[in-house]
Amino acid sequence: SDSTLYYVESSRDAHKNVAESLVSISIEISTIREVLTRWYQLVDCAMEIFLPGGTTKMFAFTDSKQRDAFLTLLSRLGSPSTSSPGRSNTTMERLTKRWLDGDSTNFEYLMHLNKLSGRTFNDLMQYPIFPFILSDYESSKIDLRNRNIYRVLCKPISVQDESKEKQYKDNYAALDHELNQSKEKASCGSDLGPYHYGSHYSSSGIVLHFLVRLQPFTEMSLSYQDGSFDLPDRMFHNMSTSWHLASKGSSTDVKELIPELFYLPEAFVNLDGLKFGVRQNGDVIDNVVFPQYCDKDPRLFVRVHRQALESDHVRENLCDWIDLIFGFKQSGKPALEAINVFHPATYYGFDLNSIKDPVQREARRTMIKMYGQTPKQLFTKPHPRPVKLYNEQKRLADSSETKQTKP
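Under the numbering used here, think of the first position of the sequence shown as 2, with each following residue one higher.
Here it is, written out as structure tokens:
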């Protein structure tokens, strides 16, 4: 209407029994704070509406024309217009400067980057991405000033152990050779190419893996696994195990983290007493097992985890991880050199219509829904380092040189 946006689910679109009530949403247009265009399953056909109190709603249309026509209508009724490329660039520059000047925390800046790159809590396939920060989950005590306890932020999570690099390089080379030799390359679509990893660092399965102990993710996880939980040994049960598998223990587990692991202790606790089963070693899956330095306290772990994220070391090197996920090392030659190339079906711009074979096209469609999606690229050049830290490092270096040159 002139003042309100209504969404009412039709019975033919409902993913529930007819006896249950259909979803209905009403939004006063005057309360809309911001509207951003979004991709859905790698198609530019959605939008996200931002409301007071941090509430957001995401709507996916049949195609971009329908979405754009609806946005035009919203604008005529007084809704904020969507961000233009120029405005988005200005916003990005402003947010980056705030972080560089120390006026924004690492957590806040990462949340802004996720938002501007199209990540949203409304789509498990495009959930916000946060990095693994710590590499030490075994010690009885931990010193956040010790740089040796952190992961290497300039490398993808999968190659934290240098011995893994050759494996992924060989995988890329083998696929490249196979594609060059294949006579079916043209029918598969021009967008296909070799890659280092057949899995992704962010997907709906990864989100449900970490949040399985919380509703509504518990029910969503059961639906995802056809009515049962995953195998006990594959459940999220130990931070040390999760780190080991992602960093070097598995060739298919390359997942990064999600924001909740830095602020929500309830995500680690089995408050509902869910029966996740027993691992092969006899351990019952219950609460997540924490490092010794957290004394089995989820709140203490979250506090330490957040402090690690905001540490001087991470602030100094976070830009390297941003280059991999949101920046210039996301694609092209820099991505190849950084061992950071994922399956083509995870990137924006992958065109399903380029695949002529209907069977292969449907297979790719399923892959897009399951594999995960790479964020939109925000930076085409190396992300700058924090000015204050750089100046402090330069001052210390100059001081050190002065001492060494004194007679």
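From the three backbone atoms N, C-alpha and C, an ideal C-beta is built for every residue, glycine too. Remember, predicted model here, so these are calculated numbers, not experimental data.
If we call anything under 8 Å between Cβ atoms a contact, is residue i one with residue j?
i: ASP45; j: SER27; result: no
i: THR91; j: THR38; result: no
i: LEU43; j: ILE326; result: no
i: SER76; j: ILE158; result: no
i: LEU310; j: GLU267; result: no
i: SER140; j: PRO292; result: yes
i: VAL213; j: SER222; result: yes
i: LEU169; j: TYR198; result: Residue identity differs from the one stated: residue 169 is Tyr in this sequence, not Leu. Cβ distance < 8 Å, so TYR169 and TYR198 count as in contact.
i: HIS384; j: CYS320; result: yes
i: ASP124; j: MET48; result: no
i: SER25; j: GLY79; result: no
i: PHE62; j: PHE51; result: no
i: PRO81; j: GLU35; result: yes
i: HIS210; j: PHE263; result: no
i: HIS238; j: ILE207; result: no
i: TYR196; j: LEU176; result: yes
i: MET126; j: SER200; result: no
Is residue i helix, strand or coil by DSSP?
i: LYS58; result: strand
i: ALA364; result: helix
i: VAL1; result: Only positions 2 to 408 of the chain appear in this structure, which leaves residue 1 out of reach.
i: TYR202; result: coil
i: TYR372; result: helix
i: LEU209; result: helix
i: MET48; result: strand
i: ASN239; result: strand
i: PHE269; result: helix
i: PHE343; result: strand
i: VAL285; result: strand
i: SER2; result: coil
i: VAL388; result: helix
i: SER191; result: With a pLDDT of only 44 at SER191, under 50, the local geometry of the prediction cannot be trusted, and the value read off the model is given with reservation. Coil at SER191, not helix or strand.
i: LYS186; result: Reliability fails at LYS186, whose pLDDT of 48 lies under 50, so the model's placement of it is uncertain and the value that follows must be treated cautiously. Looking at LYS186 - three-state DSSP - the assignment turns out to be helix.
i: THR403; result: Low local confidence applies: a pLDDT of 48 at THR403 is under 50, so the model's placement there is unreliable, and no value is given.
Any heavy atom of the ligand SAH closer than 7 Å to the beta-carbon of residue i?
i: GLN308; result: Of ligands this structure carries none, so the ligand SAH is not represented either.
With respect to the alpha helix (DSSP H) encompassing residue i, which residues constitute its N-terminal and C-terminal limits?
i: SER27; result: No alpha helix (DSSP H) contains SER27, which is instead part of the beta strand (DSSP E) from 25–29.
i: LYS256; result: No alpha helix (DSSP H) holds LYS256; DSSP gives it neither H nor E.
i: PHE218; result: 218–225
i: GLU261; result: Per DSSP, GLU261 belongs to no alpha helix (DSSP H) and is neither H nor E.
i: ALA247; result: Here ALA247 belongs to no alpha helix (DSSP H), and DSSP marks it neither H nor E.
i: ASP65; result: The amino acid at residue 65 is misidentified as Asp; the sequence shows Ser. That run of the alpha helix (DSSP H) goes 65–77.
i: LYS330; result: Where LYS330 is concerned, there is no enclosing alpha helix (DSSP H), given that its DSSP letter is neither H nor E.
How would you write the range of the beta strand (DSSP E) that residue i sits in, first residue to last?
i: LEU301; result: Looking at the DSSP string, LEU301 is not in any beta strand (DSSP E); the run it does join, the alpha helix (DSSP H), is 299–310.
i: CYS320; result: First-last for CYS320: 313–326, but that is the alpha helix (DSSP H), not the beta strand (DSSP E).
i: THR38; result: 35–41
Please tell me whether residue i has its Cβ less than 8 Å away from any Cβ of chain D.
i: ASP273; result: No chain D is present in this structure, which holds just one protein chain.
Self-check item: Every unbroken alpha helix (DSSP H) inside the region 94–172 [4 residues or more]
Solution: 107–117
Exercise. Spell out a yes or no on whether the region 218–233 and the region 278–287 are touching, meaning 3 or more CB-CB pairs, one atom from each, closer than 8 Å.
Key: yes
Quiz item: Do the region 334–352 and the region 362–377 touch if we need at least three Cβ pairs shorter than 8 Å?
Solution: yes
Quiz item: Are at least three pairs of beta-carbons, each pair with one atom in the region 285–305 and one in the region 137–151, less than 8 Å apart?
Solution: yes
Quiz prompt | Contact between the region 256–272 and the region 122–132 (3+ Cβ pairs under 8 Å) | solution = yes
Quiz item: Does the region 315–331 come close enough to the region 379–387 to have 3 or more Cβ pairs within less than 8 Å?
Solution: yes
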